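Reviewing the structure listed below.
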Amino acid sequence: MKGKTTIEDLVGIEHSKLNFFQELQQSIEELKESNKELEEQRRETAAILDGITDVMMVLSEDLRIISVNHVFMQLFPDSDPHGQYCYKYFRHSHTPCRECPAFRSLSTDTVCRETAIFRINGRNMQFEMVASPLKSPYLPEHRVLIFKRDVTLEKEYQAKFYQAEKMATMGVLAAGVAHEINNPLTAVTGFAEGIRRRLPKLRGLVDDQLFTDFQEYTDTILKECLRCQDIVQTLLTFSRPSSAEFSQLSLNSVVSETVWLLHNHFKKHHNIKVNLNLDETVPHIFGDEAQLKQVVLNLLTNALDSMSETGNKDRCYFSGVLAVETAPFGESGAKLIVSDTGCGIPPDNIDKLFEPFFTTKNVGKGIGIGLSTCYSIVRKHGGEITVTSTEGKGSQFTVTLPGNRGEQRV
Amino acid sequence: MSVTKFAIPEVIFGNSSLRYLAQCALRLGARRIFLVSDPGLEKAGWVQHVIDILSEDRLECVYYNDVDSNPRDWQVHEGARLYTEERADLIIGLGGGSPIDAAKGIATIASNGGRIHDYEGANRIMRPLPPMIFIPTTAGSGSDISQYCIITDVERQLKMSIISRSLVPNVSIIDPSLLLTKTVELILASAIDALAHAVESYVSRLASPFTETQALYAIRLIMENLETAARTRNPAALEKLSIASTAAGMSFSNAGLGIGHALAHSLGGRYDVLHGLVHPVLLPHVMRYNLPVCREKMDNIAAVVLQSCDPAGTGRALEGIEQLEHMFRSLQVTTRLRDILPDDSQLEQICKMAVPDECALTNPREATWTDLMGICKEAW
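Top line first, the protein sequences correspond to chains A and B. Using my numbering, read the first sequence as starting at 1 and increasing by one per residue. Using my numbering, read the second sequence as starting at 1 and increasing by one per residue.
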């Protein structure tokens, strides 16, 4: 027995008939307490879940969305995804995507990964997906947990890196080739000049016609050699390391040398009319010749490409007017305007034009690095690059560069 | 005066007050009622009567009748199991002390769990009990009023006292007309039990002005009406006995009892003696034992007892006790202990077991087991 009963126990002043009211109060207190605890736990869990920066979804077996996290809501604001099909959201499709890892995950009971590109809000986004099966006796049906990590930026950087690496290799290669060619070229030029010097001695000794032929051939060899030397020189300029010091240069010569580089290209397309209008009063500017040439080259090739799509798709057919113009800008700056009569740029794309990897060209035609590079080069020169365009009529790119003041460099 | 407490249930008293039963049950939120009674009351038709009253108000009824005159612990456990299984929500105890005590035990286990001996002693019930309505059919036990519940522990062969304010029912419906079907013997045994309650609680250490008036009033009503009630079963006299029993219950529930009930519990546990039979045997001897420490109160009792025969006087305590003995004899109830026990071989054991009984605590005079032996010897 527990303790001896005392006479005070029989009076039991402090004991009353217990009522269910009291018990109810007690259980309400207990419930409140446990509710508080649960709420705290829930908040903690919610805080952890909110800390996840990936898109998170819980899907039913038939890929209906059961719950999503706040990252999903950021991606698709002002929508109620609950009960909707996942593929409807990400692909606007009526059937599940072929590569979907959710089915595989459910059928194999393992965590499955997959990478896929989705077009969301007009932007191509690359996602790394992880699907984990949620099979629990507490759940009425099987579910699958999907994480989608946005790897677009990483992939962009990766591509940029590969491209830069490739370009660097190309540069080294070009420089090497240029040097290798320079030597035999010097020899060829030297001997050709030797021939030309000795040609007068042949006059009268050989047939007149033959003599004229020799003279003509030698002149041609020398002329072509000079051309080769120019090409090699240009290649060397391009491959010069980008860390090269800025120097005084003439925008007009940068433009004309680049146009000359594309001379052959233009010649192939007779329907392209090139209007070169270089203002002699354009002041000298301070910059990196090779890099500026790259900018001009890019703008010219883009303009050319924009004028190809008006024709037959299988066989490229170019036509239109390509105008290149220079002019003084501001007090001591210079301005370059490249305009074409090509396809123009849809208004939607104007903003994205200078984003890396943005391209409207077919696979293999472009990687979308050109304009973004132009942009960064021009910015590095303290200048600006702007575009105006009318779809179907043509585009006009304007590059402005500050005057001859080195300290303006960024 | 030290701080006291006086607690009783809602009491609905009067002939035909039973008709309020269903209303009371509904007010307490009942839908499915657990009714505890015994075969004797079934035979008298009261069980069916109660079930009919309840069903009139569409109250379902689960009936439990496995109750002995001294309810056993296993009967309580079985009842509690049934209560839970049947998902009942209110307990009605109909009968004398036994079904009502059984109902209290069942209510305790149904809501608190465990075994009934876990709650032996005072204030060990920690969770509320289901609502309880008691309908006493004897004018004596006072169990329908009190915070006491007496259950026999079969293994230990003793009667456990479970004391808790939670055992006080929500409502006690006392309908004297239920006494009409009782035998003379039962009426006598119950009334003398009530008398013992009144006397012991009147001299109890915990007696307060609130209990004393009830106790003396009960003694007077019993003295005035017992013979008439037993002889003629006059409804008015039976009603008075009912009032007396209720008053005595109010007194002892709050003031406690004495060694007379301690011994009675001990005897009942060992020999399964009918509780009502023990008091005519023991009461006068217990009063004599206590007399030296509460002479004034005993005089008061004597005054009430003798008033019915003689003019009042003081210092007549012993005379009063003798008058009680005389009355018992004239009513032809057993007055010798040897007539209700098979032998005296276990008396020592019985007395030793009575000492720690909760009832002995409030006895006005401390009593060792040898003192109790002396009382038993005198009563033998």
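Each residue gets a CB set at the ideal place from its N, CA and C atoms; glycine is no exception. Here the structure is a predicted model, which means the values were calculated and not measured.
TODO: Kindly list, in the order they appear in chain A, the residues whose Cβ is closer than 8 angstroms to that of Pro-39/B.
DONE: Here the premise fails: no neighbours, minimum Cβ distance about 31 angstroms.
Task: Test: Val-11/A CB closer than 8 angstroms to a CB of chain B - done: yes
Task: Test item: CB-CB of Thr-390/A and Gly-344/A under 8 angstroms - done: yes
Task: Terminal residues of the alpha helix (DSSP H) in which Val-321/A lies - done: That residue, Val-321/A, is in no alpha helix (DSSP H); its beta strand (DSSP E) goes 320-329.
Task: Within-8 angstroms CB hit, Thr-108/B to chain A - done: no
TODO: Run the CB neighbour count on Lys-36/A, radius 10 Å, all protein chains shown included, and call it buried at 16 or more, exposed below.
DONE: exposed
TODO: Could you confirm whether any beta carbon from chain A is found closer than 8 angstroms to the beta carbon of Arg-231/B?
DONE: no
- [ ] Could you tell me the boundaries of the alpha helix (DSSP H) in which Glu-296/B lies?
- [x] 295-307
- [ ] Compile a chain-ordered list of the residues in the region 121-132 of chain B whose CB is closer than 9 angstroms to at least one CB of chain A.
- [x] Gly-121, Ala-122, Asn-123, Arg-124, Ile-125, Met-126, Arg-127, Pro-128, Leu-129, Pro-130, Pro-131
Open item on the list: Tell me the residue span of the alpha helix (DSSP H) that contains Tyr-271/B.
Closed with: 259-271
Task: Neighbouring residues, chain B, relative to Ser-16/A (Cβ below 7 angstroms) - done: Arg-165
Open item on the list: Using beta carbons (cut-off 8 angstroms, strictly below), is Asp-5/B in contact with chain A?
Closed with: The displayed chain sequence assigns Lys, not Asp, to residue 5/B. Cβ-Cβ to chain A under 8 angstroms: yes for Lys-5/B.
Task: Leu-222/A beta carbon less than 8 angstroms from that of Arg-196/A - done: yes
TODO: State yes or no: is the beta carbon of Ile-28/A nearer than 8 angstroms to at least one beta carbon in chain B?
DONE: no
Open item on the list: Below 8 angstroms on the Cβ atoms is my contact criterion, and I expect Leu-188/B with Tyr-202/B to pass it. Report the Cβ-Cβ distance as a whole number of Å.
Closed with: Wrong, their Cβ atoms sit about 21 angstroms apart, outside the cutoff.
- [ ] Quick one: grab the DSSP three-state call for Pro-364/B.
- [x] coil
Open item on the list: Judging by CA-CA distance, which residue of Ala-196/B, Ser-266/B, Ser-330/B, Met-298/B is the nearest neighbour of Gln-349/B?
Closed with: Ser-266/B
Open item on the list: At the 8 angstroms Cβ level, is Asn-35/A part of the contact set with chain B, yes or no?
Closed with: no
TODO: Kindly indicate if chain B contains any beta-carbon less than 8 angstroms away from that of Asn-121/A.
DONE: no
TODO: Kindly indicate which three-state DSSP category Leu-331/B falls into: helix, strand or coil?
DONE: coil
Open item on the list: Assuming Gln-396/A is part of the alpha helix (DSSP H), what are its boundary residues?
Closed with: First-last for Gln-396/A: 394-401, but that is the beta strand (DSSP E), not the alpha helix (DSSP H).
TODO: Take every Cβ of the region 141-155 of chain B, pair it with every Cβ of the region 243-257 of chain B, and state whether three or more of those distances are shorter than 8 angstroms.
DONE: yes
- [ ] Output yes if chain B places a C-beta closer than 8 angstroms to the C-beta of Phe-127/A; else output no.
- [x] no
- [ ] Look at Thr-4/B and Ser-141/B and say whether their C-beta atoms are less than 8 angstroms apart.
- [x] no
Task: 8 angstroms contact criterion, which Val-278/B and Ile-340/B should meet: CB distance rounded - done: 7 angstroms
- [ ] Show which residues of chain B have a CB atom less than 9 angstroms away from the CB atom of Ile-7/A.
- [x] Arg-205, Leu-206, Gly-256, Leu-361, Thr-362
Task: Straight-line Cα distance separating Arg-231/B from Ser-161/B - done: 34 angstroms
TODO: Determine the direct distance from the alpha carbon of His-94/A to that of Asn-302/A, and round the result to whole angstroms.
DONE: 38 angstroms
- [ ] Determine the DSSP secondary structure at Thr-390/A, reduced to helix, strand or coil.
- [x] strand
Task: 8 angstroms Cβ shell around Tyr-375/A - same chain, five flanking residues per side excluded - done: Phe-354, Ile-385
TODO: Return helix, strand or coil for Arg-315/A, following the three-state DSSP convention.
DONE: Because the pLDDT at Arg-315/A is just 49, under 50, the model does not fix this residue reliably, and the point stays unresolved.
TODO: Run down chain A in chain order and give the residues with a C-beta less than 9 angstroms from the C-beta of Glu-358/B.
DONE: Thr-5, Asp-9, Leu-10
- [ ] Could you check what DSSP says for Phe-90/A in three-state terms: helix, strand or coil?
- [x] helix
Open item on the list: If you follow the alpha helix (DSSP H) that Ala-102/A is in, where does it begin and where does it stop?
Closed with: 101-108
Task: Residues that DSSP places opposite Lys-335/A in a beta bridge - done: Ala-327/A, Thr-400/A
Open item on the list: Residues of chain A with CB closer than 7 angstroms to the CB of Val-168/B, please, in chain order.
Closed with: Lys-17
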